[in-house]
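For reference, the structure is listed below as structure tokens.
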Amino acid sequence: MTISDNIAQVRERITSAARRAGRSPDDVALVAVTKTHSVSTIEAALAAGVVDCGENRVQEAEAKISLLPPEAARWHLIGNLQRNKARRAAQLFDIVHSIDSVRLAEALDRAVSEATPSRRLPVLLEINVAGEASKAGFWVPRGRENQVAYGELREAAGRIAALPSLEIHGLMTVAPFLDDPEQVRWVFSALRRLRDALRQDFGIELAQLSMGMSDDFEVAIEEGATIVRIGRAIFGDRSTNKRE
Ligand SMILES: *Cc1c(COP(=O)(O)O)cnc(C)c1O
101 MTISDNIAQV
111 RERITSAARR
121 AGRSPDDVAL
131 VAVTKTHSVS
141 TIEAALAAGV
151 VDCGENRVQE
161 AEAKISLLPP
171 EAARWHLIGN
181 LQRNKARRAA
191 QLFDIVHSID
201 SVRLAEALDR
211 AVSEATPSRR
221 LPVLLEINVA
231 GEASKAGFWV
241 PRGRENQVAY
251 GELREAAGRI
261 AALPSLEIHG
271 LMTVAPFLDD
281 PEQVRWVFSA
291 LRRLRDALRQ
301 DFGIELAQLS
311 MGMSDDFEVA
321 IEEGATIVRI
331 GRAIFGDRST
341 NKRE
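Read in the working numbering, the sequence shown has 111 at position 11, and its numbers run on one by one without any break.
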């Protein structure tokens, strides 16, 4: 199987999952997660029609993006961002999925406004819906039903929404790694309900739900994902490659 075959297969699975849920496949964006993969591998994905690429480290992304033509792809930062890398991230990425604190959002806001005062950078708030200690994100175990955690998230979201150089486009989550994707369906539906609650509280659209990876993207789409982040199903295992 070539990368192009894998992409075609993933797209077919996205289409089927969307149809099962009565949704349009056009409402689900595919982000090809290119972390650990080489520039030539990325070029193969772009040649096969990929337009959105996801990277989880600023430095690694910078090295690769600098070797590709400008505007070759839309770049998504999907991994943890340290505040001291906000300036680089603001220059490299078209959207940041991993805003997990007000302090980080403020640092990124400053970096964007210093570089391009007129720009508003799209961001997603990362949510730790399953309450896993190992995961990043605003800690809202069980989602909307958790009154205290929801109140804190709402307060943080309000402060981030008021920043002039960022624009909150939605929410993102990474589900626990379990054998059966049905076991994490509740995580995706909880993220959607959290989005609906915030939307109602703030009157902002929050159109994007970034959820679903190689092992669980079909279930995520059935639960409303508008962005799926897929690495292994396109590029194969990373274990034989480099670090995760
Ligand atoms: C690596 C990564 C992905 C892609 O995972 P696969 O299982 O390879 O599809 C998606 N989202 C995030 C945040 C990641 O770090």
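Glycine residues also receive a C-beta, built at the ideal position from the N, C-alpha and C atoms.
Check your understanding: From residue 310 to residue 164, what distance separates their C-alpha atoms?
Key -> 23 Å
Point to revise | Beta-carbon proximity list for residue 293, same chain, < 8 Å, skipping 5 on both sides | key: Hits under 8 Å: 243, 244.
Review point. Distance, Cα to Cα, residue 305 vs residue 285?
Key: 23 Å
**Study point:** Within 8 Å, strictly: CB atoms of residue 236 and residue 180
**Key:** yes
Review point. CB residue 246 to CB residue 238, shorter than 8 Å?
Key: no
Practice item. Decide if residue 167 is buried, meaning its Cβ has at least 16 other Cβ atoms within 10 Å, or exposed. Key: exposed
Practice item. Could you have a look at residue 341 and say whether DSSP puts it in helix, strand or coil? Key: Low confidence applies to residue 341: its pLDDT is 48, below 50, so where it sits in the model is not reliable enough to give any reading.
**Study point:** Nearest-angstrom beta carbon gap, residue 226 and residue 268 [assumed within contact, 8 Å]
**Key:** The pair is not a contact, with the Cβ atoms about 12 Å apart (cut-off 8 Å).
Check your understanding: According to DSSP, is residue 193 helix, strand or coil?
Key -> Assigned with DSSP and collapsed to three states, residue 193 falls in coil, not helix or strand.
Check your understanding: What number of angstroms, rounded off, separates the C-alpha of residue 132 from the C-alpha of residue 303?
Key -> 31 Å
Point to revise | Residue environment, residue 344, which counts as buried when at least 16 other CB atoms sit within 10 Å | key: Confidence is the limiting factor: at residue 344 the pLDDT is only 43, short of 50, which leaves the residue's position unreliable, though a coordinate-based value still follows. Exposed, because fewer than 16 other Cβ atoms sit within 10 Å of the Cβ of residue 344.
Exercise for review: Determine the closest residue to residue 161 out of 112, 221, 196, 290, with distance taken between C-alpha atoms.
Suggested key: 196
Review point. When every heavy atom of ligand 1 is checked, does at least one fall within less than 7 Å of the C-beta of residue 164?
Key: Between ligand 1 and the CB of residue 164, the shortest heavy atom gap is not smaller than 7 Å.
Practice item. Confirm the yes/no value for this check: CB of residue 138, any heavy atom of ligand 1, distance under 7 Å. Key: no
Point to revise | C-alpha gap between residue 217 and residue 265, whole angstroms | key: Their Cα atoms are separated by approximately 7 Å.
Review point. Residue 319: beta carbon under 7 Å from a heavy atom of ligand 1?
Key: No, Cβ of residue 319 sits at least 7 Å from all heavy atoms of ligand 1.
Review point. Name the DSSP beta bridge partners of residue 272, please?
Key: 226, 310
Practice item. Starting from the Cα of residue 232, find the closest Cα among 274, 270, 260, 319 and give me that residue. Key: 274
Exercise for review: Return the CA-CA distance between residue 260 and residue 101, expressed in angstroms with no decimal places.
Suggested key: If you take the alpha carbons of residue 260 and residue 101, they lie about 43 Å apart.
Exercise for review: Consider the C-beta atom of residue 82 and the heavy atoms of ligand 1; say whether any pair is separated by less than 7 Å.
Suggested key: Any question about residue 82 goes unanswered here, given that the chain covers just 101 to 344.
Review point. For residue 283, is the classification buried or exposed, using 16 other Cβ atoms within 10 angstroms of its Cβ as the cut-off for buried?
Key: exposed
Check your understanding: Can you tell me where the alpha helix (DSSP H) with residue 296 in it begins and where it stops?
Key -> It spans 285-302 - the alpha helix (DSSP H) in which residue 296 sits, taken as one unbroken run.
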